[in-house]
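Asks: For the sequence shown, the working numbering begins at 20 and goes up steadily by one. Note that CB positions come from ideal geometry on N, CA and C, so glycine has one too. Because the structure is a prediction, the values reported are computed rather than measured.
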Amino acid sequence: MTTLKSKLQEDLNAAIKGRDELRSSTIRLTLSAITNEEVAGKTKRELSDDEVQKVIAREAKKRREAAEAFTQGGRSESAERERAEGEILAAYLPKQLSDEELQQIVAQAVEEAKAAGAEGPRAMGAVMKIVSPKVAGQAEGGRVAAVVKQLLAG
Numbered sequence: 020m021t022t023l024k025s026k027l028q029e030d031l032n033a034a035i036k037g038r039d040e041l042r043s044s045t046i047r048l049t050l051s052a053i054t055n056e057e058v059a060g061k062t063k064r065e066l067s068d069d070e071v072q073k074v075i076a077r078e079a080k081k082r083r084e085a086a087e088a089f090t091q092g093g094r095s096e097s098a099e100r101e102r103a104e105g106e107i108l109a110a111y112l113p114k115q116l117s118d119e120e121l122q123q124i125v126a127q128a129v130e131e132a133k134a135a136g137a138e139g140p141r142a143m144g145a146v147m148k149i150v151s152p153k154v155a156g157q158a159e160g161g162r163v164a165a166v167v168k169q170l171l172a173g
């Protein structure tokens, strides 16, 4: 079992013993998503820590989107629960890059792309290819794309 998955399992046991319903249900759902990912496809396999992290990030994103939808629908109680679940999952993810750090990384990538001959809005793909591996797991794709567009337009 990977270290991140075993940490989730230990935290689930602690949450159940501590009767923390929110934490235990959130971790339980995340562990099910991990198991589903492991058995998807033709053969069962063990996920690496990176893959487990991607599953957790996907689950956290689902919580953010659901919270937004509940807020727009006027269901603030449900939105609060989704936000709380998202915060629990965020503890298992790497620290997110600040706006300034992200801006610096993207600015460097834009310079690299320009040096390689990519110009203007069409350089978006080239810049994203450079930036994506550097910020993997530390910034959401939509956030990165927005900064890239802003720097390419400016």
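By DSSP, does residue 23 sit in helix, in strand, or in coil?
Replies: Within the sequence shown, numbered from 1, the residue matching residue 23 stands at position 4. Of the three classes helix, strand and coil, the one that applies to residue 23 here is helix, per DSSP.
Asks: Here's a check: name, in chain order, each residue in its chain whose Cβ is nearer than 7 Å to the Cβ of residue 46, leaving out the five neighbours to either side.
Replies: Indexing the sequence shown from 1 puts residue 46 at position 27. Result list for residue 46: 27, 30, 31, 34, in chain order.
Asks: Can you give me the C-alpha to C-alpha distance between residue 95 and residue 38, rounded to a whole angstrom?
Replies: As a first step, residue 95 is located in the sequence shown; it is residue number 76 there, counting from the start. As a first step, residue 38 is located in the sequence shown; it is residue number 19 there, counting from the start. The straight-line gap from Cα to Cα measures roughly 24 Å.
Asks: Going by beta-carbon coordinates alone, are residue 116 and residue 154 separated by less than 8 Å?
Replies: Position 97 of the sequence shown holds residue 116. Position 135 of the sequence shown holds residue 154. Yes, Cβ-Cβ distance for residue 116 and residue 154 is below 8 Å.
Asks: Return the chain-ordered list of same chain residues with a C-beta closer than 6 Å to the C-beta of residue 131, the five sequence neighbours on each side being excluded.
Replies: On the sequence shown, position 112 is the one that residue 131 refers to. Same-chain partners within the cutoff: 149.
Asks: Check this for me: beta carbons of residue 89 and residue 98, under 8 Å apart or not?
Replies: Sequence index remark: in the sequence shown, residue 89 carries index 70 (1-based). Sequence index remark: in the sequence shown, residue 98 carries index 79 (1-based). Yes, they are a contact pair.
Asks: Can you list, in chain order, the residues of its chain whose CB lies under 8 Å from that of residue 114, leaving out five sequence neighbours each side?
Replies: Locating residue 114 in the sequence shown gives position 95, where the first residue counts as 1. So the list reads 157, once near-sequence residues are dropped.
Asks: Just to confirm my understanding: we take residue 57, look at its own chain, exclude 5 residues before and 5 after, and list those with CB closer than 8 Å. What are they?
Replies: Residue 57 sits at position 38 when you count from the first residue of the sequence shown. So the qualifying residues of the chain are 63, 64, 65, 66.
Asks: The alpha helix (DSSP H) that contains residue 81, what's its start and end?
Replies: Looking up residue 81 in the sequence shown gives position 62. 68-91 is the extent of the alpha helix (DSSP H) around residue 81.
Asks: To which residues of the same chain is residue 146 closer than 6 Å at the C-beta, ignoring the five residues directly before and after it?
Replies: Residue 146 sits at position 127 when you count from the first residue of the sequence shown. For residue 146, where only same-chain residues beyond five positions count, the Cβ hits under 6 Å are 128, 129, 132, 167.
Asks: Does the distance from the C-beta atom of residue 101 to that of residue 77 stay below 8 Å?
Replies: The residue given as residue 101 occupies position 82 in the sequence shown. The residue given as residue 77 occupies position 58 in the sequence shown. No, Cβ-Cβ distance for residue 101 and residue 77 is not below 8 Å.
Asks: Using only the alpha-carbon positions, how far apart do residue 44 and residue 107 sit?
Replies: Residue 44 sits at position 25 when you count from the first residue of the sequence shown. Residue 107 sits at position 88 when you count from the first residue of the sequence shown. Rounded to the nearest angstrom, the two C-alpha atoms are 11 Å apart.
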